[in-house]
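Residue numbers (our numbering), protein chains in the order written: chain A, 1 to 114; chain B, 1001 to 1114.
Ideal Cβ positions, reconstructed from N, Cα and C, are used throughout, including at glycine.
Computed from a predicted model, the values in this text were never measured in an experiment.
Next comes the structure, spelled out in structure tokens:
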């Protein structure tokens, strides 16, 4: 059974600081996704990482993937209040095809304080 | 920008009743999914659907659940006899292709079973 673990689960940080959220998964995967969810809202896609060493950046967020270590990171640079949300990573086990359901981590609830 | 839509946004039902949740995926997408999120918990995969048949389903998707694409635009999730533990937010998602593609999530239907 595929397990996806995020840490930390809760993070309170100050504006302007940097921090990293970690996502470990338990089986071979060739795709890893990061989503953002605001309270009471749907999931917004942030990144899709498709290969070992993949790095993607959007604004103050940067995601990377190490398939050998089965680890992805989401790095926040110079945090601003608007980034307060819950961040989920999700993984699809390597299957070679088909409509694959995502296995999500528990999410990291991020609060950024002024 | 095209988006996934879902109706209703909220549904309250009595235990044992049948409910149908409706989704309109993005028009040129071929893969459709249902997920659920119990309040405060992680997002869980229920089922994926491609070419008018179920592609993959989780252990949660038992005989009380069914999915259908009754026409060229709608994608429905039916719960035949609701239980208290079915109370959750149900998200529909779609993707253009299964591999290397983002799954775009709808706004969700909040189901409350009394």
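Exercise. For the segment 36-50 of chain A, which residues have a beta carbon sitting closer than 7 Å to at least one beta carbon of chain B?
Worked result: 42, 43, 45, 48, 50
Problem set entry | Span of the beta strand (DSSP E), counted from its first residue to its last, around residue 24/A | 19-25
Problem set entry | Alpha-carbon to alpha-carbon, residue 25/A and residue 1088/B | 25 Å
For this session: Pick out the complete alpha helix (DSSP H) segments inside the segment 2-75 of chain A, 4 residues or longer, and give them in chain order.
Result: none
Exercise. Whose C-beta lies closer than 6 Å to the C-beta of residue 1048/B among residues of the same chain, with five residues either side of it excluded?
Worked result: 1033, 1055, 1056
Exercise. How would you write the range of the beta strand (DSSP E) that residue 1091/B sits in, first residue to last?
Worked result: 1088-1095
For this session: Using DSSP bridges, identify the partner residues of residue 91/A.
Result: 32/A, 103/A
Problem set entry | chain B contact residues for residue 101/A, given Cβ-Cβ distances below 7 Å | 1033, 1045, 1048, 1056, 1058
For this session: Spell out whether any CB of chain A is found under 8 Å from the CB atom of residue 1014/B.
Result: no
Problem set entry | Residue closest to residue 1091/B, alpha-carbon to alpha-carbon, out of 1002/B, 1001/B, 1008/B | 1008/B
Exercise. In whole angstroms, what is the alpha-carbon distance linking residue 61/A and residue 82/A?
Worked result: 12 Å
Problem set entry | Straight-line gap, residue 1043/B to residue 1069/B (C-alpha atoms, nearest Å) | 23 Å
Exercise. In angstroms, rounded to a whole number, what distance separates the CA positions of residue 73/A and residue 57/A?
Worked result: 12 Å
Exercise. Based on Cα-Cα distance, which residue from 1020/B, 1037/B, 1021/B, 1072/B lies nearest to residue 1027/B?
Worked result: 1072/B
Problem set entry | Secondary structure of residue 81/A, DSSP reduced to three states | helix
Problem set entry | Under 8 Å between C-beta atoms of residue 1012/B and residue 1112/B | yes
Exercise. In chain B, what lies closer than 7 Å to residue 105/A by C-beta?
Worked result: 1042
Exercise. Within 10 angstroms of its Cβ, does residue 1081/B collect 16 or more other Cβ (buried), or is it exposed?
Worked result: exposed
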